Amino acid sequence: MSASEIFQPFFVGIFGLAAIWFGVVVFRTSSMVRSALALLFSMTAIGAMFLAMEAEFLGVLQIMMMATEMAIMAIFMVMYMMDPGGMEGMDMTHQKYASIFAGILATLGILAVVFLVEWGPVAEAAHPEEQTRMLGIEIMERSMLIFETAGVTILTAMIAATAIAIERRKS
Amino acid sequence: MGRMSITGPLASGAAMLGRESFVPKRRDRVFFEVAPPLLLVSALLAAAVLPLSPGLIVADLATGALFVNAALAYVMVALLMAGWAPNGAYAMVGGFRFLGQLVAYSMLIVMPITAVAMRAESLVTTEVVESQAALPNAIYQPIGFVLFLLAGMAVCFLPPFDLPTAPGELAGGVEAEYTGWRLAVFRLARLVLVVTVAAAVSVFYLGGWLGPVFPPWAWSAAKTLAVAALMLLAGRYVPRLRETHVLEWGWKVGIPLALLNIFVVGVMILVVG
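Note that the protein sequences, when read in sequence, are chains A and B.
If you're matching positions, the first sequence starts at 107 in the numbering used here and goes up one per residue.
If you're matching positions, the second sequence starts at 1239 in the numbering used here and goes up one per residue.
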């Protein structure tokens, strides 16, 4: 057994546990900013899992994108929630029985997928530079239409949202 | 200790360590303690993928140029934490200002790096340096160079982009509630960040270790220090910008220029090779 065969599952496991733990923290705190940043660090841990699984480009991209997204989510939560600091004893949880039931059901579903699917042999990861190249070719060839459609749709939504937000000038 | 004393920063740093570190009463304890080290860690992580000489690099990642940007994104997270944690008005305004500042500068970090990677046909930082053997990128793509340098100053919240700290207006902003050794860590982290961004400018635009006569590491060090000095000095002669102006100029002037830069570099690669 080589060193990477021991260390790889170890780090994937450690970052996986970190991702779950930060995920739990999201719901254990009543501060909006803490909640958003806990979600950020959960996502960062998933990015670190990608890195441990030798999917370098994906990992770095995940770590990069989530920082901005979650920080912007934090500011929106501060703007719209009545007690963003969670200092007045506001309870963030509701519909407890329904959520416990949904949680158990989702866990059983995931476990079923993990154990019942025939995963096949472990694929050898391509060299990181080769992965980046293959991803580029995928985006510019087979998946180009999907990415272009998504891009134009998001741009349209951004322009529309800005147009709605601008106060109408008095004529 | 005179005006240009080299021991000055060391002495004032040591003095800061000796002072009592007050903490605000109703703070977010975790964020308050984590923010200064996180700022330091993100600067050090970005520095880890920047080569000092061909063999002298901590981690030669296949996605190095992208990783620099990923690590620098956490500068904003650290400042947001530092702003939120002390439960003080000045700090919070400073923290959220930096989030707005990120919206202005982040594209001006990514887009110039894209053009640099286009020329090198690689995201590996050592290959980016080698692609500049004939001509440094500062001359090959001057628009990208200027944009990246300005955006780099905005990342380091140096004047005239020092909106999150804003001495004289926000009473220190995100730094306002930090004292003693915690403030020392915060200030050290910012200086490390300045050197890291200067090293990134050197690697992406000034040909990194390339240069005649002197050994590679000496060229890297000299270029990095020169850029860092420029970044620290330049803002002293310009008034602080308003956050609305930073956003307006970033989006209305910066991003079109960055796109033009990508287009011009693309044409040059196709025509000149």
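Just so it is clear, CB atoms sit at the ideal spot from N, CA and C, and this is done for glycine as well.
Owing to the predicted nature of the structure, the values given are computational and were not obtained by experimental measurement.
Proximity test, residue i beta-carbon vs the ligand PLP heavy atom, cut-off 8 Å
i	result
A/Ala173	The ligand PLP is absent from the structure shown, which contains no ligands of any kind.
Beta-carbon proximity list for residue i, same chain, < 6 Å, skipping 5 on both sides
i	result
A/Ile169	Thr150, Gly153
A/Phe231	Checking the displayed sequence, the identity of residue 231 of chain A turns out to be Ala instead of Phe. The answer, listed in chain order, is Glu160.
B/Val1312	Looking at the sequence shown, residue 1312 of chain B is not Val but Tyr. Same-chain partners within the cutoff: Ser1280.
B/Gly1449	Trp1457
B/Lys1461	Ser1440, Leu1444
B/Ala1404	Gly1411
A/Arg239	none
B/Leu1283	Ala1309
A/Leu145	Val132, Met176
Alpha helix (DSSP H) segment containing residue i, residue limits
i	result
B/Lys1461	1454–1472
A/Gly153	138–158
B/Lys1263	Element bounds for B/Lys1263: n/a, residue is neither H nor E.
A/Arg275	Per DSSP, A/Arg275 belongs to no alpha helix (DSSP H) and is neither H nor E.
A/Gln168	162–186
B/Tyr1443	1418–1443
A/Arg239	234–246
A/Ile270	250–271
B/Glu1481	1481–1487
B/Tyr1475	Element bounds for B/Tyr1475: n/a, residue is neither H nor E.
B/Phe1399	Taken as a continuous stretch (DSSP letters only), B/Phe1399 belongs to no alpha helix (DSSP H), as it is neither H nor E.
B/Met1506	1493–1509
B/Leu1288	Segment: none, B/Leu1288 is in no alpha helix (DSSP H) and carries neither H nor E.
A/Val118	109–134
B/Lys1490	Per DSSP, B/Lys1490 belongs to no alpha helix (DSSP H) and is neither H nor E.
B/Leu1299	Per DSSP, B/Leu1299 belongs to no alpha helix (DSSP H) and is neither H nor E.
A/Ala208	202–222
B/Pro1247	1245–1256
Min CB distance residue i to chain A below 9 Å
i	result
B/Phe1383	no
B/Phe1501	no
B/Met1314	yes
B/Phe1269	yes
B/Val1362	yes
B/Asn1375	no
B/Phe1399	no
B/Ser1344	yes
B/Leu1340	yes
Chain B within 9 Å of residue i, Cβ atoms only
i	result
A/His233	yes
A/Phe163	yes
A/Val258	no
A/Leu123	no
A/Gly129	no
A/Met264	no
A/Ala204	no
A/Ala151	no
A/Gly209	no
A/Thr238	yes
A/Ile252	no
A/Ala173	yes
A/Met155	no
A/Leu167	yes
A/Met246	no
A/Met159	no
A/Gly191	yes
Neighbourhood of residue i by C-beta distance below 7 Å, restricted to the same chain and skipping five residues each side
i	result
B/Gly1302	Val1287, Leu1361, Val1362, Thr1363
A/Ala142	Met176, Met179, Ala180, Met183
A/Ala158	Gln114, Phe117, Val118, Phe121
B/Leu1337	Met1314, Leu1318
B/Ala1316	Ala1273, Leu1276, Leu1277, Ser1280
Cβ neighbours of residue i in the same chain (closer than 8 Å, five flanking residues each side left out)
i	result
B/Val1503	Ala1353, Met1356, Arg1357, Tyr1378, Gln1379, Gly1382
A/Thr199	Phe133, Ser205
Any alpha helix (DSSP H) of 4 or more consecutive residues that is wholly inside the segment 1315–1390 of chain B: Every alpha helix (DSSP H) of 4 residues or more that sits fully in the segment 1315–1390 of chain B is shown, in chain order, as 1327–1358, 1363–1368, 1375–1378.
Interface residues of the segment 131–148 of chain A facing chain B [CB-CB below 8 Å]: Residues passing the 8 Å Cβ filter: Ser137, Val139, Arg140, Leu143, Leu146.
Under 7 Å (Cβ pairs) to chain A, residues found in the segment 1289–1310 of chain B: So the close ones are Leu1299, Ala1300, Thr1301, Leu1304, Phe1305, Asn1307, Ala1308.
Interface residues of the segment 1415–1442 of chain B facing chain A [CB-CB below 8 Å]: Within the segment 1415–1442 of chain B, no residue places its CB atom closer than 8 Å to a CB of chain A.
Cβ-based contacts, 9 Å cut-off: residues of the segment 1476–1491 of chain B near chain A: If the cut-off is 9 Å between Cβ atoms, the segment 1476–1491 of chain B has nothing near chain A.
Contact set between the segment 1315–1338 of chain B and chain A, restricted to residues whose Cβ is under 8 Å from the partner: Taken in chain order, the members of the segment 1315–1338 of chain B whose beta-carbon sits within less than 8 Å of a beta-carbon on chain A are Val1315, Leu1318, Met1319, Trp1322, Asn1325, Phe1334, Leu1337.
Residues from the segment 174–189 of chain A in contact with chain B, defined by Cβ distance under 9 Å: The segment 174–189 of chain A vs chain B, Cβ under 9 Å: Thr174, Met176, Ala177, Ile178, Ala180, Ile181, Val184.
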